[in-house]
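If you're matching positions, the sequence shown starts at 1 in the UniProt record's numbering and goes up one per residue.
Ideal Cβ placement from N, Cα and C applies to all residues, glycine included.
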Amino acid sequence: MRQGFRIRPYQPDDLSFLYRICLETGDSGQDATQLYQDPLLIGHVYAGPYATLEPELAFVLEDAQGVCGYVIGVLDTEAFNARCEREWWPPLRERYPLPATPPEQYTPDERMIARIHKGWDLKPASLDDYPSHLHIDLLARAQGGGNGRAMMETLLGALEQRGSRGVHLGVGARNERAVSFYRSVGFTELHRSPLSVTFGMRFPR
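Structure below.
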């Protein structure tokens with residue numbers, strides 16, 4: 001881990017930083033700020049529910065300039081998805097009506113709103129051995145030097161300590177740097193499509 005950086009548990013005051021980092025890494029690792037008219041939308045989907053519903057499995061990376069990365073996870077994906085359906089999505093669906101635009105004409109904002117209305121698969125298939133899942137994002141200044149690996153080890157240790165059998169994650173297929181990183185820290189490729197790659201890691205029993 002690089003000098004000048006530290007990992008600490010997430011605190012509620014960090015939520016706005018998670019949203020900003022989610023946006024600034026939201027285009028397959030690149031800055032997605034110019035893609036969205038509403039800068040909060042991507043965070044509502046990929047950061048907010050994790051930090052809000054399972055804050056004990058959220059950690060941030062910070063340096064002298066402030067929070068510059070995060071890793072967030074859930075112990076039981078099926079239970080988390082059901083809780084999102086009860087607690088997280090309903091107010092967002094009221095705030096963001098489903099677009100009337102045909103899906104093939106969706107803007108990035110409309111695609112994210114459609115995801116809010118669709119929610120997550122309540123019972124993910126083929127993940128019995130990998131019930132947990134996670135997301136990790138670091139700003140450019142925090143990348144390299146072992147920061148990502150140290151953050152991943154922090155969350156994986158927390159999941160294993162809580163009894164997880166294994167963890168999965170998804171990444172955009174064109175994010176080659178992330179694909180290489182996940183392989184380097186011990187993840188195995190489970191599934192690949194033209195748009196995404198799913199990785200998994202089992203924990204020793």
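| Query | Result |
| --- | --- |
| CYS68 vs ARG141 beta-carbon contact at 7 Å | yes |
| Run of the alpha helix (DSSP H) containing MET112, from where it starts to where it stops | 108-118 |
| Best match in GLN37, VAL74, ASN175 for proximity to THR25 [C-alpha to C-alpha] | ASN175 |
| Contacts around GLY148, its chain only, beta-carbon distance under 7 Å, and the 5 residues preceding and following it disregarded | ILE136, LEU138, PHE181 |
| Selection from LEU75, SER193, HIS191 that minimises the alpha carbon distance to PHE203 | LEU75 |
| SER103 and LEU35 closer than 7 Å at C-beta | Note that residue 103 is Pro in the sequence shown, not Ser. Not closer than 7 Å, so no. |
| Residue from VAL167, SER28, MET112, ARG6 with nearest C-alpha to ARG95 | MET112 |
| contact_flag[the region 147-161, the region 56-66] where n(CB pairs < 8 Å) is 3 or more | yes |
| Close Cβ partners of VAL71 (< 6 Å) along its chain, the five nearest in sequence each way excluded | PHE59, ILE136, MET151, LEU155 |
| Terminal residues of the beta strand (DSSP E) in which ALA58 lies | 58-63 |
| Cβ neighbour criterion (16 or more within 10 Å) applied to ALA158 | buried |
| Whole-Å CB distance - ARG86 paired with HIS117, under 8 Å assumed | Between HIS117 and ARG86 the Cβ distance is about 15 Å, and since that is not below 8 Å, they are no contact. |
| Residue span of the alpha helix (DSSP H) that contains ARG20, given as start and end | 15-24 |
| Run of the alpha helix (DSSP H) containing ARG83, from where it starts to where it stops | 77-83 |
| Beta-carbon proximity list for THR101, same chain, < 6 Å, skipping 5 on both sides | GLU110 |
| Enclosing alpha helix (DSSP H) for GLY157 [first to last residue] | 147-161 |
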